[in-house]
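Given below as structure tokens:
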């Protein structure tokens, strides 16, 4: 996982996920919750999918890689718009743009699903009452759904995220790279994510990411190793080349490219390169 940056412009973010539209969707959900409470029923929502329009921009920001496992996803699949906090639990975040990222179907559907773990107090659900007025629900929606172009609202949303203390990082808010170390098993032909003991709670984070993202699934460990072999070949070639050799600059450029954000498993390469 590498740190990601959201592009916060009107061009990048669809109009249906900024301003009044997402707030109006949430108001409708809050009214539905109120009606269920009035009827003495548990709050449950049939959430309509509206987020596919965000996928192209999310993929640009993840460099066409899964935000979790860093595998290229657009070559062989469409990729998913993933709700970082699962919409089945955090239903009021279903249309929050800052809750979206791009992931591969394996990380999202086979592993993560509706799972989410954290160390701190949970972000509380909306304080909807059976007696809440329409005006109160509108005011509540203003607080709950940050406009992605409103810097102050985004800061508050990110502070709530940090207070909850998720064990699975959100690469748009957290910097995942210091959390992980990488161990090469040449005999097995695998590279495994392991705790970086210099980072607090890294063992818990890696454990959660293994279970919830599948970051050490066998296929992924083998695919990382293939990337490591490619990197290791160029690293050894650079060490063997004499200064001034015509091909030396090309090898150096290749090693630099493997560390760039658009390269598969860049976090692994950066860690091993710094070791």
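In my numbering, the protein residues as written are 130 to 404. Just so you know, even glycine gets a beta-carbon here, dropped at the ideal spot from N, CA and C. For clarity, every value in this text was computed on a predicted model and none was experimentally measured.
Point to revise | Secondary structure of residue 288, DSSP reduced to three states | key: Your numbering for residue 288 matches position 159 in the chain shown. Note: residue 288 maps to helix in three-state DSSP.
Check your understanding: Exposed or buried, residue 380, counting other C-beta atoms within 10 Å across all chains shown (16 or more means buried)?
Key -> Indexing the chain shown from 1 puts residue 380 at position 251. Residue 380 is buried by the Cβ-count criterion.
Check your understanding: Taking DSSP as the reference, what is the three-state secondary structure of residue 379?
Key -> Numbered from its first residue, the chain shown carries residue 379 at position 250. Reduced to three states, the DSSP call for residue 379 is helix.
Exercise for review: Please name the residue, chosen from 149, 240, 378, 131, that lies closest to residue 342 on a Cα-to-Cα basis.
Suggested key: Indexing the chain shown from 1 puts residue 342 at position 213. The residue among 149, 240, 378, 131 with its C-alpha nearest the C-alpha of residue 342 is 240.
Review point. Using 8 Å as the threshold, is the segment 231-245 in touch with the segment 263-274, meaning 3 or more CB pairs across them?
Key: Contact fails between the segment 231-245 and the segment 263-274, because fewer than three Cβ pairs, one in each stretch, are under 8 Å apart.
Point to revise | Residue range of the unbroken beta strand (DSSP E) whose run includes residue 151 | key: Taking the chain shown and counting its residues from 1, one reaches residue 151 at position 22. Membership of residue 151 in any beta strand (DSSP E) is not indicated; the residue belongs instead to the alpha helix (DSSP H) covering 149-167.
Practice item. Over the uninterrupted alpha helix (DSSP H) stretch that includes residue 188, give me the two end residues. Key: Within the chain shown, residue 188 is the residue found at index 59, counting from 1. Judged by DSSP secondary structure, residue 188 falls within the alpha helix (DSSP H) whose first and last residues are 184-190.
Review point. Considering only C-alpha positions, which residue in the set 389, 403, 402 is nearest to residue 443?
Key: Limits of the chain in this structure are 130 at one end and 404 at the other, which puts residue 443 out of reach.
Practice item. Using alpha carbons as the reference points, say which of 172, 182, 171 lies closest to residue 140. Key: Start at 1 with the first residue of the chain shown, and residue 140 comes out as number 11. Residue 182 holds the alpha-carbon nearest to the alpha-carbon of residue 140 among 172, 182, 171.
Exercise for review: Starting from the C-beta of residue 283, find all residues in its chain whose C-beta is less than 6 Å away, skip the five residues before and the five after it, and write them out in chain order.
Suggested key: If you number the chain shown from 1, residue 283 lands on position 154. Counting only Cβ-Cβ distances below 6 Å, and skipping sequence neighbours, we find 275.
Check your understanding: Hey, would you say residue 299 sits closer than 8 Å to residue 213, going by beta carbons?
Key -> Counting from one through the chain shown, the residue named residue 299 turns up at place 170. Counting from one through the chain shown, the residue named residue 213 turns up at place 84. In this structure, residue 213 lies closer than 8 Å to residue 299 by Cβ.
Exercise for review: Work out the CA separation of residue 134 and residue 292 for me, nearest whole Å.
Suggested key: If you number the chain shown from 1, residue 292 lands on position 163. If you number the chain shown from 1, residue 134 lands on position 5. Our two residues, residue 292 and residue 134, have alpha carbons roughly 20 Å apart in a direct line.
Exercise for review: Express the C-alpha separation of residue 167 and residue 192 in angstroms, rounding to a whole number.
Suggested key: Start at 1 with the first residue of the chain shown, and residue 192 comes out as number 63. Start at 1 with the first residue of the chain shown, and residue 167 comes out as number 38. Cα-Cα distance, rounded: 47 Å.
Exercise for review: State whether the segment 157-174 contacts the segment 352-366, with contact taken as three or more CB pairs (one from each stretch) at a distance under 8 Å.
Suggested key: No: the two stretches stay apart, fewer than three of their Cβ pairs being nearer than 8 Å.
Practice item. Just the C-alpha distance for residue 296 and residue 396, rounded to the nearest angstrom, thanks. Key: As a position in the chain shown, residue 296 is number 167, starting the count at 1. As a position in the chain shown, residue 396 is number 267, starting the count at 1. Rounded to whole angstroms, residue 296 to residue 396 spans 18 Å at the Cα level.
Point to revise | Exposure of residue 394, with buried meaning 16 or more beta-carbon neighbours within 10 Å | key: Residue numbering aside, residue 394 sits at position 265 when the chain shown is read from its first letter. It is buried - the Cβ of residue 394 has at least 16 other Cβ atoms within 10 Å.
Practice item. Identify, in the order they occur along the chain, each residue of the same chain with its Cβ nearer than 7 Å to the Cβ of residue 251, setting aside the five sequence neighbours on each side. Key: Your numbering for residue 251 matches position 122 in the chain shown. Beyond the five residues adjoining it in sequence on each side, residue 251 comes within less than 7 Å, by CB distance, of 293 in the same chain, given in chain order.
Practice item. Determine the DSSP secondary structure at residue 194, reduced to helix, strand or coil. Key: For this step, residue 194 is matched to residue 65 along the chain shown. Of the three classes helix, strand and coil, the one that applies to residue 194 here is strand, per DSSP.
Check your understanding: Which value, in whole angstroms, describes the spacing of the CA atoms of residue 376 and residue 352?
Key -> Taking the chain shown and counting its residues from 1, the one referred to as residue 376 is at position 247. Taking the chain shown and counting its residues from 1, the one referred to as residue 352 is at position 223. Cα to Cα, the separation comes out at about 27 Å.
Practice item. Identify, in the order they occur along the chain, each residue of the same chain with its Cβ nearer than 7 Å to the Cβ of residue 270, setting aside the five sequence neighbours on each side. Key: For the purposes of this step, residue 270 is identified with residue 141 of the chain shown, where counting begins at 1. Result list for residue 270: 152, 155, 156, 159, in chain order.
Check your understanding: Does the count of Cβ pairs from the segment 316-334 and the segment 215-230 closer than 8 Å reach three?
Key -> Short answer: they don't touch.
Exercise for review: Could you tell me how far apart the beta carbons of residue 232 and residue 256 are, in whole angstroms, since I believe they sit closer than 8 Å?
Suggested key: Locating residue 232 in the chain shown gives position 103, where the first residue counts as 1. Locating residue 256 in the chain shown gives position 127, where the first residue counts as 1. Rounded to whole angstroms, the Cβ separation of residue 232 and residue 256 is 31 Å, and the two are not in contact under 8 Å.
Practice item. Taking 8 Å as the cut-off, decide whether the C-beta atoms of residue 364 and residue 384 are in contact. Key: In the chain shown, counting from the first residue as 1, residue 364 sits at position 235. In the chain shown, counting from the first residue as 1, residue 384 sits at position 255. Contact flag set, yes.
Review point. Looking only at C-alpha atoms, which of 198, 169, 211 sits nearest to residue 180?
Key: Locating residue 180 in the chain shown gives position 51, where the first residue counts as 1. Residue 180 has its Cα closest to that of 211, out of 198, 169, 211.
Check your understanding: When the distance is taken between beta carbons, is residue 306 closer than 8 Å to residue 399?
Key -> One-based indexing of the chain shown puts residue 399 at position 270. One-based indexing of the chain shown puts residue 306 at position 177. Residue 306 is positioned such that its CB atom lies closer than 8 Å to that of residue 399.
Review point. For residue 243, does the three-state DSSP call read helix, strand or coil?
Key: On the chain shown, position 114 is the one that residue 243 refers to. In this structure, residue 243 counts as coil in the three-state DSSP scheme.
Point to revise | Continuous alpha helix (DSSP H) assignments of at least 4 residues falling wholly in the segment 229-285 | key: Under the rule that a run must span 4 or more residues, the alpha helix (DSSP H) segments found entirely inside the segment 229-285 read 263-273.
**Study point:** Whole-angstrom distance between residue 344 and residue 206, CA atom to CA atom
**Key:** To locate residue 206, count along the chain shown from 1; it is residue 77. To locate residue 344, count along the chain shown from 1; it is residue 215. If you take the alpha carbons of residue 206 and residue 344, they lie about 19 Å apart.
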